[in-house]
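Enquirer:
Protein chains: 2
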Amino acid sequence: MPFEFTLEAQDHSARAGQFTTPHGTLRTPVFAPVGTQATVKAASPRDLREVGASLILANTYHLYLRPGDELIRDMGGLHRFMAWDNPILTDSGGFQVFSLAGIRRIDADGVTFVSHIDGSKHRFTPEKSIDIQQNLGADIIMAFDECPIPDDRASVEAALERTHAWATRCKAYQSRPDQALFGIVQGGIFEDLRRESAAFITGLDLPGYAIGGLAVGETKPQMLASLDFTVPLLPEDRPRYLMGVGSPEDLVHGVARGIDIFDCVLPTRIARNGAALTRQGRINLRNAKYSASPEPIEPGCTCYACATFSKAYLRHLIKADEILAHNLLTLHNIHMLQTLMRELREAILNGTFAECAAAFLATYRPVGQPDPLPLPAIFSR
Amino acid sequence: MPFEFTLEAQDHSARAGQFTTPHGTLRTPVFAPVGTQATVKAASPRDLREVGASLILANTYHLYLRPGDELIRDMGGLHRFMAWDNPILTDSGGFQVFSLAGIRRIDADGVTFVSHIDGSKHRFTPEKSIDIQQNLGADIIMAFDECPIPDDRASVEAALERTHAWATRCKAYQSRPDQALFGIVQGGIFEDLRRESAAFITGLDLPGYAIGGLAVGETKPQMLASLDFTVPLLPEDRPRYLMGVGSPEDLVHGVARGIDIFDCVLPTRIARNGAALTRQGRINLRNAKYSASPEPIEPGCTCYACATFSKAYLRHLIKADEILAHNLLTLHNIHMLQTLMRELREAILNGTFAECAAAFLATYRPVGQPDPLPLPAIFSR
Chain A
-11 MPFEFTLEAQ DHSARAGQFT TPHGTLRTPV FAPVGTQATV KAASPRDLRE
39 VGASLILANT YHLYLRPGDE LIRDMGGLHR FMAWDNPILT DSGGFQVFSL
89 AGIRRIDADG VTFVSHIDGS KHRFTPEKSI DIQQNLGADI IMAFDECPIP
139 DDRASVEAAL ERTHAWATRC KAYQSRPDQA LFGIVQGGIF EDLRRESAAF
189 ITGLDLPGYA IGGLAVGETK PQMLASLDFT VPLLPEDRPR YLMGVGSPED
239 LVHGVARGID IFDCVLPTRI ARNGAALTRQ GRINLRNAKY SASPEPIEPG
289 CTCYACATFS KAYLRHLIKA DEILAHNLLT LHNIHMLQTL MRELREAILN
339 GTFAECAAAF LATYRPVGQP DPLPLPAIFS R
Chain B
-11 MPFEFTLEAQ DHSARAGQFT TPHGTLRTPV FAPVGTQATV KAASPRDLRE
39 VGASLILANT YHLYLRPGDE LIRDMGGLHR FMAWDNPILT DSGGFQVFSL
89 AGIRRIDADG VTFVSHIDGS KHRFTPEKSI DIQQNLGADI IMAFDECPIP
139 DDRASVEAAL ERTHAWATRC KAYQSRPDQA LFGIVQGGIF EDLRRESAAF
189 ITGLDLPGYA IGGLAVGETK PQMLASLDFT VPLLPEDRPR YLMGVGSPED
239 LVHGVARGID IFDCVLPTRI ARNGAALTRQ GRINLRNAKY SASPEPIEPG
289 CTCYACATFS KAYLRHLIKA DEILAHNLLT LHNIHMLQTL MRELREAILN
339 GTFAECAAAF LATYRPVGQP DPLPLPAIFS R
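Here the protein sequences line up with chains A and B, keeping their order. Here the first sequence stands for residues -11 to 369, numbered as in the numbering used here. Here the second sequence stands for residues -11 to 369, numbered as in the numbering used here.
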């Protein structure tokens, strides 16, 4: 079996494991930077390796529209096309269709939509999503799902039925043995619906499971409460993927609750807005107070940006709208999250996760969240 | 003396030399990429070293306006600010003021202008230009000059007088012993004016001389004819710098005529427009014919872009407006020019410049120039 998940250590609900894929073994918990259009914006593959990235995500919807999944297949697949020979995960296209495209019709069979690029009309079905993902050739592929508004019960219920039927069809249709199809548990913030969805999706016996429909509008306490009752519904012997989550504090809270895989545009998107992640929180380098600072973003950080440049220089690049600013902040922000994940993983292996997580949360001030949210009670000793 | 120019070899009028500076020895002929705002656009210092850049140019006008030359001085100077510990050349600000800013008044003493960034009012004099350049701290600094329309004799004559008076003031005012002040010979396309200007400027006994006012609107044959009669007016024992020139064919023609130093935004600017320099000429990677090309930009090229990515992928990045496209094409284009300059230099050292230059010109098709311009007659053997 090409995909094997082994748990190396468990510290209460936090887990450290290894997931083997055709393009290398992922050491979990792992954070995946997002390479929407077959490139993690403003970073080269060698940049990504340097900052410690092991898994990256690419978007099925975007690559289907441009340059086209068949072209990528003809060019040897996505790994070769973008020169990334480590593991790749593709989403199903579902979330992007619902959030970016102009929806024309959702029916039991699929979704008809218009491209956000040129207004052309397209249709995704579960089988089409798998066809595209098989053309792209990622190591981990996702079942086609519908991501509803998480606190609108009627919308969540309707999406649940389709998501389950579509997951069944994806499993039946998927044929490449070198790709692991993950199922997605939906259910919004409703415990009974999460229970129903987890029962159905895990019943498909897939090599991994994702929790979808979070970090899309609900509050942070709602998200953590949803994780508290959803993660235990997933089998221990399969990797668990929390989709679209990636702020430093959310990674800590997700790992604490037993999540193994994360992805998010946050580190790369805020980099392009001039914001950098530090151990104290997010800082905006446009701020005039950095104009003459000879210090790096984070003293002690070993990334190229911090080892080489002052905040004053980075601020100048941002103010002058220079591309190098995007590259350097992107490198730093991914490096920061990769370093955090490595520390959390080592703490789990050493049985010191509670201390490590608490120490991080004690100094890190999330945006708009003056007081840190608590770790699960089991870590309060 | 911190600045020493030694001629290693001469092949007819083409020269190979070494110019020592406080930040290392330049092997000439040398091409300098342009780092207008203290960054070569879309390239990091390590990128630049990797592709073989040794000298870079930064723009006094831009850095004076943003982030300010005094800030850069306070941050340890331009080398430290931008983390480039190899030689740097700053222009005088004159050309940028005349081409970018809104001119309010030119008088015998200097130029009053308004910033292209925020419309604020400023004044450059020869002394102010030197003050700024001394704050920046480049290895090579330029005398403040006026760059006129090259084929408008009245305008060229008026500029000549000011340029000469200002050069004298720059020499008198300049005080840092670790900076080499280069004089600029003006005179447009007029041989008598070039003769008059060269006589005056070389009479100042400066460590290097530039030819200004070319590549700013005259035809290619006019430019080469101007070089033919201007270069011999410059002393053999000082480096000769042709300002603003940097297409591959112009580099070959300039080296053939005895130029040692070049700078140009061309390789970096066209990169950001999706164009790549090859041995056959410039190609535009937006072209649909590259959409499924598995080949690199230039087979055999050892740059990171060519060693790693297909034209199909690069085209996709360009079409998708991805920052990585700018970085990769910038690297390739600078690498191409650095490689060309290294080959020309080696050919001069080996006494095979004519063959090397002719071989390059035989396959390289310049934009809008179907037939290659000839090398100077002395190379026709």
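Glycine included, C-beta positions come from ideal geometry on N, C-alpha and C. Please read all numbers here as calculations on a predicted model, not as lab measurements.
Restricting to Cα atoms, I'd like to know which of A:Met329, A:Tyr352 and A:Gly269 is closest to Phe341 of chain A.
Expert: Among A:Met329, A:Tyr352 and A:Gly269, the Cα nearest to that of Phe341 of chain A is on A:Met329.
Enquirer: By Cβ distance, which residues of its chain are closer than 7 Å to Thr190 of chain B, with the 5 residues on each side in sequence left out?
Expert: Tyr197, Leu222 and Pro223
Enquirer: Taking only three categories from DSSP, how would you classify Met231 of chain A?
Expert: The three-state reading of DSSP puts Met231 of chain A in coil, since its state is none of H, G, I, E or B.
Enquirer: Could you check how far apart the C-beta atoms of Gly234 of chain B and Arg3 of chain B are, in whole angstroms? I think they sit under 8 Å.
Expert: Going by Cβ atoms, the distance from Gly234 of chain B to Arg3 of chain B rounds to 18 Å, so no, they are not a contact pair.
Enquirer: If you draw a straight line from the alpha carbon of Gly64 of chain B to that of Ser185 of chain B, how long is it in whole angstroms?
Expert: A direct Cα-Cα distance of roughly 36 Å separates Gly64 of chain B from Ser185 of chain B.
Enquirer: Among the candidates A:Cys252, A:Gly200 and A:Leu254, whose CA atom is the shortest distance from the CA of Arg228 of chain A?
Expert: A:Gly200
Enquirer: For Gln357 of chain B, is the classification buried or exposed, using 16 other Cβ atoms within 10 angstroms of its Cβ as the cut-off for buried?
Expert: exposed
Enquirer: Excluding sequence positions up to five away, which residues of its chain have a Cβ less than 7 Å from the Cβ of Lys208 of chain B?
Expert: Within the same chain, Lys208 of chain B has close Cβ partners Gln357 and Leu361.
Enquirer: Given this structure, state the Cα-to-Cα distance separating Arg150 of chain B from Leu51 of chain A, to the nearest angstrom.
Expert: 58 Å
Enquirer: Under the rule that 16 or more other beta-carbon atoms within 10 Å means buried, what is Pro165 of chain B, buried or exposed?
Expert: exposed
Enquirer: When you check each C-beta in the segment 56 to 74 of chain A against every C-beta of chain B, which residues fall closer than 8 Å?
Expert: So the list reads Leu59, Asp62, Met63, Gly64, Phe69, Met70 and Ala71, given in the order they occur along the chain.
Enquirer: With distances taken between CB atoms, is the gap from Ile60 of chain B to Leu66 of chain B smaller than 8 Å?
Expert: yes
Enquirer: Using the Cα positions of Gly232 of chain B and Ala313 of chain A, report the straight-line distance between them to the nearest angstrom.
Expert: 26 Å
Enquirer: If you run the structure through DSSP and keep just helix, strand and coil, what is Ile199 of chain B?
Expert: In the structure shown, Ile199 of chain B sits in a strand (DSSP, three-state: E or B).
Enquirer: Using a C-beta to C-beta distance shorter than 7 Å, which residues of chain A count as neighbours of Tyr49 of chain B?
Expert: Ordered by position in chain A, no residue passes the 7 Å Cβ test against Tyr49 of chain B, which lies about 13 Å from the chain.
Enquirer: Could you spell out the range, first to last residue, of the beta strand (DSSP E) harbouring His110 of chain B?
Expert: Start and end: Lys109 to Phe112.
Enquirer: Return the bridge partner residues of Thr151 of chain B from the DSSP annotation.
Expert: According to DSSP, which records beta bridges pairwise, Thr151 of chain B is partnered with nothing at all.
Enquirer: List the whole-angstrom C-beta distance separating Ser117 of chain A from Thr48 of chain A, where the pair is believed to meet the contact cut-off of C-beta under 8 Å.
Expert: 6 Å
Enquirer: Should the segment 11 to 19 of chain A be regarded as contacting the segment 293 to 302 of chain B, the criterion being three or more beta carbon pairs within less than 8 Å?
Expert: no
Enquirer: Mind listing the chain A neighbours of Pro282 of chain B? Cutoff is C-beta to C-beta under 8 Å, in chain order.
Expert: Met63 and Gly64
Enquirer: Determine the chain B residues that contact Glu310 of chain A at a beta-carbon separation under 8 Å, and present them in chain order.
Expert: Gln25, Thr27 and Lys29
Enquirer: Kindly indicate the opening and closing residues of the alpha helix (DSSP H) around Phe348 of chain B.
Expert: Phe341 to Thr351
Enquirer: Compute the Euclidean distance between the alpha carbons of Thr156 of chain A and Val240 of chain A, then round it to the nearest angstrom.
Expert: 32 Å
Enquirer: Is there at least one Cβ from chain A nearer than 8 Å to Asn261 of chain B's Cβ?
Expert: no
Enquirer: Which one of B:Asp238, B:Leu192, B:Glu38 and B:Asp225 has the shortest CA to CA distance from Ala213 of chain B?
Expert: B:Asp238
Enquirer: Restricting to Cα atoms, I'd like to know which of B:Met130, B:Asp140 and B:Glu38 is closest to Gly205 of chain B.
Expert: B:Asp140
Enquirer: When you compare the CB positions of Leu194 of chain A and Gly175 of chain A, do they come within less than 8 Å of one another, or not?
Expert: Not closer than 8 Å, so no.
Enquirer: Is the number of C-beta pairs between the segment 255 to 275 of chain A and the segment 314 to 333 of chain A that are closer than 8 Å three or more?
Expert: yes
Enquirer: Give a yes or no on whether the minimum CB-CB distance between Thr296 of chain A and chain B is below 8 Å.
Expert: yes
Enquirer: So what does DSSP say about Arg226 of chain B, is it helix, strand or coil?
Expert: In this structure, Arg226 of chain B counts as coil in the three-state DSSP scheme.
Enquirer: For Leu43 of chain A, write down the residues that DSSP places opposite it in a beta bridge.
Expert: Answer is none; Leu43 of chain A lacks a bridge partner.
Enquirer: Under the DSSP definition of a beta bridge, which residues are partnered with Gly269 of chain A?
Expert: A:Thr266 and A:Arg353
Enquirer: What do you reckon, are the CB atoms on Ser108 of chain B and Pro75 of chain B nearer than 8 Å?
Expert: Taking 8 Å as the Cβ cut-off, Ser108 of chain B and Pro75 of chain B do not qualify as a contacting pair.
Enquirer: For Arg93 of chain A and Thr100 of chain A, what's the separation of their Cα atoms in angstroms?
Expert: 5 Å
Enquirer: What I want to know is whether the C-beta of Ile91 of chain B ends up closer than 7 Å to one or more non-hydrogen atoms of the ligand COA.
Expert: Judged by which ligands are present, the structure shown has none, so any question about the ligand COA falls away.
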